[in-house]
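**Student:** Structure below; questions to follow.
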Amino acid sequence: MARRAEPPGHAHISLEVNGEPVEVSFPPHKTLLEVLREDLGLTGTKHGCELGECGTCTVLLDGQPVLSCLVLGVAAAGRKVKTVEGMARGPELHPLQRAFADLGAAQCGYCTPGILLAAEALLERNPRPTRQDIKEALAGNLCRCTGYIKIYEAVELAAAWMRGEDAAPPEESIYGRR
Amino acid sequence: MTAATTGRFVTTTVEVEGREEIAVVELPAFEPLPWGPRERLNLAGKAAERLDALAKVTGTARYTSDISLPGMLFAAALRAPIPSGRVTLLDTTAAKRLPGVQAVLTGRDIPLIPWLHGEPLLSSRVRYPGQPVAVVAAESLRQAQLAVERIKVRYRVGKHVVGLQQFPVRRLPGMPAPPFTERVERGDVRRAIKQSPAVVTQTYRVPAVLHQALEPHGSVVFWDGGRVVVYDSTQGVYRVRRELAEYLGIGEHRVRVVAEHVGGGFGSKNNCGSYTVLAALLSKATGRPVKFILDRREVCLDCGHRPETIMRVTLGAARDGVLQAIDFEAWIALGADGWVGGPGQIARQLYRCENVRTVEHYFYTNVGPMSSMRAPYHVEGAFALESAMDLLARRLRIDPLEFRRRNLPDEDQEKKRPYVSLMLGPCLEEVSKRMGWRPDRPGDTDRRRFLTGRELRVVRGRGIAAQIWPSGGGPPAYAFVRINRDGTAEVATGTQDMGTGSRTVLAQIAAEVLGLPLDRVRVTLGDTESCPYANNSWGSMTTASVGPAVRMAAEDALRQLLEAAADLLNVPADKLVARRGRIVARGTRRSVSFEKVTEHLGDIVIVGRGHRGPNPTTVTVASFGVQGAEVEVDLETGVVRVLRIVAAHDCGRAINPELAESQLHGGIIQGLGYALFERRLQDRRLGVPLNCGLHEYKVPTLADIPAIETRLISVAEPAANHVGVKGLGEPPIIPTAPAIANAVFDAIGVQVTELPLTAARVLAAIKKARRRKKGVLGVR
Amino acid sequence: MDSLGFHRASSFEEAAGLLHSGAAVLAGGTDLVPLLKDGLVKPSLLVFIGDIPGAASISVTRRGGARIGAAAKLTDIANNPGVRRLFPALAEACRSVGTLQIRNVATLGGNLCQRPRCWYYRSGIACFKSGGESCPARDGLDEALAILGGGPCWAVHPSDPAVALLALDAKITIRRADGSVRETSLADFYCLPSDRLDRETRLDAGEIVERITVPARYAGSPQRYAKVTQRAAWDFALVSAAVVWEKRRFRPRIALGGVAPRPWLLDTARLSDPPVSRRGRDPTAWELWAIRTAEQALRGSRALSSNGYKIELAKNLIRRTLLEWRRV
């Protein structure tokens with residue numbers, strides 16, 4: 013029952029990107045990152061190393077954070093992809109986006125989209141993450157500017173908002189005094 | 058009065074990243090009265106959300122690599138895999154025939170552009186691995202990369218030197234210039250050491266480390282008629298413009314450089330890169346836009362580094378702990394090129410000492426050119442000096458913090474003049490207080506148990522280190538402020554924001570002057586076409602250089618607006634002030650809204666012009682800081698984890714304390730990486746780097762960070778400039794690594810004298826400590 | 013890479029049939045894609061096994077042990093309640109791999125078959141692994157290299173799960189090109205460079221890993237996976253150790269990672285028996301035994317110029333881990 017291998021040429025796949033069905037064709041060696049940025053014009057997802065070493069290109073694949081530079085575009089066929097462009101609902105920011113802006117958790121901003129998505133997946137499955145949970149979820153996203161402190165704080169603030177708490181960033185946090 | 062158009066020009070010295078340069082400066086026709094410590098300000102000095110935060114969290118902020126232009130080609134480079142030698146064969150025939158390939162350029166195909174030690178760009182003489190040999194432009198990046206693989210090339214391999222493995226270093230063979238040496242001495246070091254009752258000597262080594270900004274270097278370039286437009290990930294649009302114009306042999310008016318958002322720089326994006334020049338040449342050759350974004354490997358090979366350095370420090374002190382002599386000698390492996398700054402500078406400045414000698418030997422080596430990296434040279438020098446200070450404190454049996462307290466400087470010892478403010482002591486006391494630092498503490502018994510038995514698995518230690526950094530900024534820097542008819546304002550200045558928040562800080566200053574809310578001020582920067590000149594974003598200079606220019610431009614614009622308001626209110630202009638969106642006549646109830654005045658003016662354009670005046674000549678402007686570290690050393694694995702960093706830094710007036718705090722966090726975490734993980738690995742025999750990626754080159758992750766407590770000693774410095782600010786971008790990285798190393802020293806009783814503090818090195822030190830336990834236990 | 017073909021296999025049988033020379037198996041891609049981009053492998057066809065029905069299944073019972081499909085994701089193994097309860101060493105090893113994003117796509121089969129992280133090999137410098145004639149690392153920066161079983165290649169095996177699975181005496185089911193299957197112990201699955209230089213496994217051309225089986229013998233037995241890294245996260249092991257206790261005889265099976273070109277199983281016969289008497293454990297005797305065992309374990313290790321710290325580190329790690337059972 014072995015089928016013949018598909019001939020070289022363009023791959024044609026359909027998938028869901030940020031809630032919209034999308035059809036796209038591209039050479040089969042292209043990574044999901046390249047398909048998103050080049051073929052779908054979604055440049056919010058950044059490239060930092062293209063070898064799976066920095067986390068900058070993190071997107072959600074079926075709700076799970078993955079490195080879009082390591083996932084071949086063809087492997088995303090039939091699946092749901094979410095990028096930073098799909099986080100806000102119209103003009104209404106996702107609580108994580110709001111918290112990152114409020115607390116200054118984005119400096120140069122280049123790693124921010126990837127971190128936001130990794131954090132969104134975390135809060136989706138764990139509304140009350142501990143410090144250890146945040147570490148495990150975000151240790152794969154390198155940031156060279158912030159020192160990560162405000163990223164921790166922003167994730168915790170957003171988590172509180174999403175739980176419906178009327179939270180403000182603490183004057184003294186467990187990560188250090190302000 | 059139209060301000061500042063009657064400037065006078067004087068020659069003076071300015072300081073850039075610790076270097077002094079002679080320059081002509083423009084004296085302002087008027088300078089606003091300084092904002093002193095008691096000045097009541099509404100916006101400047103308060104946290105405000107970054108103006109670009111929204112763009113950054115929604116993914117709409119456009120970085121250079123996001124630029125896509127119609128008909129755009131993609132570039133890739135053939136880079137030499139060898140450290141030294143010659144290209145003996147270069148055949149591009151097959152590459153040119155590949156589908157999609159539009160241009161292949163070698164050194165023969167481009168004008169002669171002097172690049173490295175007189176050798177041209179794309180030279181056949183190879184001086185470092187990763188040096189570009191040829192470039193391709195093709196319809197897709199993949200096609201360009203395939204074409205690069207198809208270029209036939211052969212090399213004759215020459216002799217190479219990659220670092221300072223041989224020590225002491227005498228002469229490195231095959232290098233373009235003999236090693237050069239910088240020597241500075243005051244007092245009589247030799248005699249002072251001979252007469253000092255306590256003397257320590259130690260040799261310290263630090264590796265070459267990389268900036269690793271997350272946005273790779275790159276440019277998108279196109280020729281638009283006779284003009285070249287460059288989108289560039291850069292820290293200096295004006296510098297890139299000047300250099301590119303020179304390389305291309307065209308007027309600066311024919312070059313436009315744009316950098317709207319920059320994904321970090323840390324010193325690695327200070328100049329016009331070869332990728333920019335090559336993209337311009339490819340664009341010219343093909344008549345189409347060309348995008349040339351480097352991959353991470355290329356960034357690691359050819360975008361600069363902090364140089365590998367060996368430092369030998371001898372310190373002498375009297376029994377009471379007063380420093381008598383500092384003898385500091387350094388050997389610096391620049392790379393294929395680089396600038397001479399000096400790790401010795403901090404040894405001449407940080408502590409009071411009459412007899413100081415610094416000798417710095419510079420060498421060229423066969424790795425990519427060195428570039429500035431956040432507090433260049435000071436970071437290296439601080440590690441050696443501050444480590445030696447702790448060694449001497451132990452020899453003297455004086456607490457390290459107390460030892461520093463006894464050696465605080467009282468003036469700028471090199472220029473023999475006072476500091477505008479000398480905050481080293483207050484920073485030291487602040488850290489002491491926050492860490493609860495006492496000379497004796499319960500941990501001492503733990504240390505004895507560790508040294509005598511195998512009971513303990515982990516042992517804790519604490520250490521401190523200090524820092525000084527020239528932070529006054531300086532001229533030239535220019536800004537325009539334009540008032541629109543609807544009462545909004547626009548600031549234009551040719552600086553750029555690589556993530557520090559300059560855009561926001563400058564808007565706060567302008568809004569403060571104009572009495573407008575922040576959302577009615579927009580800042581345009583990073584564009585040579587619409588913004589007047591400002592220097593690179595380097596040297597912790599931006600706020601202190603551009604800030605006063607923006608303030609002056611806003612004051613200039615406001616004055617013009619007040620003249621119009623005077624007409625409306627029938628009150629003399631000098632009786633009017635701008636406050637909370639209104640123009641108010643002092644001492645009366647009469648006022649008019651800002652937009653009423655601008656509507657009144659209609660389409661009359663009000664443009665204020667401002668520039669940065671010269672620095673004070675009778676005082677030195679410097680930022681000080683102290684950091685304390687608490688670490689845990691796993692005695693069985695040698696792994697060091699940092700538990701806590703307490704940092705106190707002074708920065709004059711913090712225009713936006715939240716952004717200032719971010720600078721502290723970021724600098725500290727980079728310093729932590731320098732202390733624990735980061736190093737460029739190079740094979741000595743093959744002469745090539747081995748860890749050109751973000752996994753094997755290890756920067757700290759979110760799991761590595763300690764608790765960080767920051768404290769800004771924020772007091773306006775009206776004597777520094779009329780905004781009252783000092784620089785803060787670089788200082789926080791300087792003391793982190795020595796503070797951590799001193800904490801490890803405190804924990805295990807033996808110094809690890811080479812960074813990073815890897816498990817292998819720490820385990821070796823623990824072994825040594827146990828062998829020498831008697832000697833070590835004798836102390837304290 | 014432009015002429016690269018892609019095929020989505022619907023069964024392991026079909027996949028194995030396509031594995032002629034020039035074809036590579038693609039599962040999560042976290043190792044293969046960087047190798048492709050660095051030009052270290054140049055396949056003409058990628059055979060994707062991620063969609064094969066059942067390829068990612070995980071089934072765990074106390075009686076039957078664990079059966080894990082080759083395409084099971086490391087995240088799913090680490091979070092699987094059965095694995096966590098009965099084979100915590102495996103769960104811990106899977107959790108310690110890379111980063112969450114990597115574990116979300118990386119598969120167990122791919123992890124076991126990943127190529128070494130040697131600085132030289134990954135930098136594209138000619139070496140035994142890339143078809144060259146020498147080991148440049150042996151004469152160069154050798155601090156990451158093997159202290160056991162090295163030569164002529166000295167690159168250490170990077171897998172974490174392999175170390176835990178080795179201590180758990182796991183079996184591997186391999187599908188052959190002709191459709192038949194063979195089963196081998198994990199210990200026999202890996203080989204040393206002295207046996208075979210181009211690969212780290214005894215997988216032949218046309219063979220593909222289909223399933224990993226963990227025997228019930230160790231289900232729920234005391235066990236632990238410990239990993240020492242330089243960075244707190246996203247790091248391969250400097251040294252790692254898995255300790256799994258045999259329930260009946262109460263003897264440990266110990267495997268080490270980061271020390272040899274393959275996951276390294278200690279010869280239990282060469283280790284002394286732990287001091288267990290009917291009255292329980294004497295902590296002092298236990299500690300002495302742990303120290304002795306650590307010494308025995310590293311017998312035969314050999315340091316190159318700068319990797320000697322690994323010997324000490326491995327001894328300390330074994331001792332430290334065994335001491336966790338000092339008191340019952």
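Residue numbers (my numbering), protein chains in the order written: chain A, 13 to 190; chain B, 58 to 837; chain C, 13 to 340. All residues carry an ideal CB built from backbone N, CA and C; glycine is no exception. Computed from a predicted model, the values in this text were never measured in an experiment.
1) Between Leu48(A) and chain C, is any beta-carbon pair separated by less than 8 Å?
2) Distance check for Glu35(A) and Val780(B), CA to CA, integer angstroms please.
3) Enumerate in chain order the residues of its own chain whose CB-to-CB distance from Phe66(B) is below 8 Å, with the five nearest sequence positions on each side excluded.
4) Please list, in chain order, all residues of the same chain as Ala249(B) whose beta carbon is under 8 Å from its beta carbon, the five residues on each side excluded.
5) Thr838(B) CB to nearest chain A CB: under 8 Å?
6) Taking the beta strand (DSSP E) that Glu222(C) belongs to, which residues open and close that run?
7) Would DSSP call Gly60(A) helix, strand or coil?
8) Short of 9 Å Cβ to Cβ, which residues in the stretch 22-47 of chain A face chain C?
9) What does DSSP give as the partner residues of Ser252(C) in its beta bridges?
10) Out of Asp359(B), Val314(B), Met368(B) and Gln720(B), state which residue places its alpha-carbon closest to the alpha-carbon of Ala337(B).
11) Tell me which residues of the stretch 66-92 of chain A have at least one Cβ-Cβ distance to chain B shorter than 7 Å, keeping chain order.
12) In angstroms, rounded to a whole number, what distance separates the CA positions of Pro93(C) and Ala315(C)?
13) List, in order along the chain, the chain A residues whose C-beta lies closer than 9 Å to that of Val117(C)?
14) Compare the C-beta of Pro107(A) with all C-beta atoms of chain B and state if any pair is closer than 8 Å.
15) Is there a Cβ of chain A sitting closer than 8 Å to that of Asp242(C), yes or no?
16) Quick check on the burial criterion: 16 or more other C-beta atoms within 10 angstroms. Buried or exposed for Gln524(B)?
17) Quick one: is Asp359(B) near chain A, going by C-beta distance under 8 Å?
18) Terminal residues of the continuous beta strand (DSSP E) containing Leu200(C)?
19) Name the chain B residues that come within less than 9 Å of Leu52(A), Cβ to Cβ?
20) Nearest chain C C-beta to Ala439(B) closer than 8 Å, yes or no?
21) Would you identify the three-state DSSP class for Ala133(B), choosing helix, strand or coil?
22) Return the chain-ordered list of same chain residues with a C-beta closer than 7 Å to the C-beta of Val570(B), the five sequence neighbours on each side being excluded.
23) Should Glu195(C) be labelled buried (16 or more other beta-carbon atoms within 10 Å of its own) or exposed?
24) Less than 7 Å between C-beta atoms, sequence neighbours within five positions excluded: which residues of the same chain meet that for Val288(C)?
25) Give me the Cα-Cα distance between Ser325(B) and Tyr408(B), rounded to the nearest whole angstrom.
26) Would you list the residues sitting across from Gln839(B) in a DSSP beta bridge?
27) Quick one: which unbroken beta strand (DSSP E) runs of 3-plus residues sit fully inside the stretch 133-211 of chain C? Chain order, please.
28) Quick one, which residues of the stretch 684-703 of chain B are near chain C if we go by CB-CB under 9 Å, in chain order?
29) Bridge partners for Trp257(C) per DSSP, in chain order?
30) Looking at the structure shown, is Phe66(B) part of a helix, part of a strand, or coil, going by DSSP?
31) Could you tell me which of Gln159(B), Tyr421(B) and Gly142(B) sits nearest to Gly128(B), measuring between CA atoms?
32) Exposed or buried, what is Val662(B) when buried is set at 16 or more other beta-carbons lying within 10 Å of its beta-carbon?
33) Could you check the C-alpha separation between Arg339(C) and Arg332(C) for me, to the nearest Å?
34) For Gln841(B), collect the residues of the same chain with a Cβ closer than 7 Å to its Cβ; drop the 5 residues on either side in sequence, then sort them by chain order.
35) For Arg247(B) versus Val183(B), is the C-beta spacing smaller than 8 Å?
36) Measure the Cβ-Cβ separation of Pro171(B) and Ile139(B) and say whether it is below 8 Å.
**Tutor:** To lay it out plainly:
1) no
2) 56 Å
3) Val81, Val82, Glu83 and Leu84
4) Gly373, Gln381, Ala382, Glu411 and Asn412
5) Because residue 838(B) is not part of the residues shown, which for chain B are 58 to 837, the question remains open.
6) Ile220 to Val226
7) coil
8) Ala23, Pro39, Pro40, His41 and Thr43
9) Lys239(C) and Gly269(C)
10) Val314(B)
11) Cys66 and Thr68
12) 41 Å
13) Leu73, Gln76, Val78, Leu79, Leu82, Val83 and Ala87
14) no
15) The question names Asp, yet the displayed sequence has Gln at residue 242(C). It does not; no Cβ of chain A falls within 8 Å.
16) buried
17) no
18) One point to set straight first is that residue 200(C) is Asp, not Leu, in the sequence displayed. Note, Asp200(C): premise wrong, no beta strand (DSSP E); alpha helix (DSSP H) at Leu198 to Phe201.
19) None at all; the shortest Cβ gap to chain B is about 12 Å.
20) no
21) strand
22) Arg608, Ala611, Glu612 and Leu615
23) exposed
24) Phe262
25) 30 Å
26) Residue 839(B) lies beyond the residue range present for chain B, which begins at 58 and ends at 837; the question has no answer from this structure.
27) 183-187 and 193-197
28) Asp691, Leu692, Glu693, Thr694, Gly695, Val696 and Arg698
29) Pro264(C)
30) strand
31) Gln159(B)
32) exposed
33) 13 Å
34) Any question about residue 841(B) goes unanswered here, given that chain B covers just 58 to 837.
35) no
36) no
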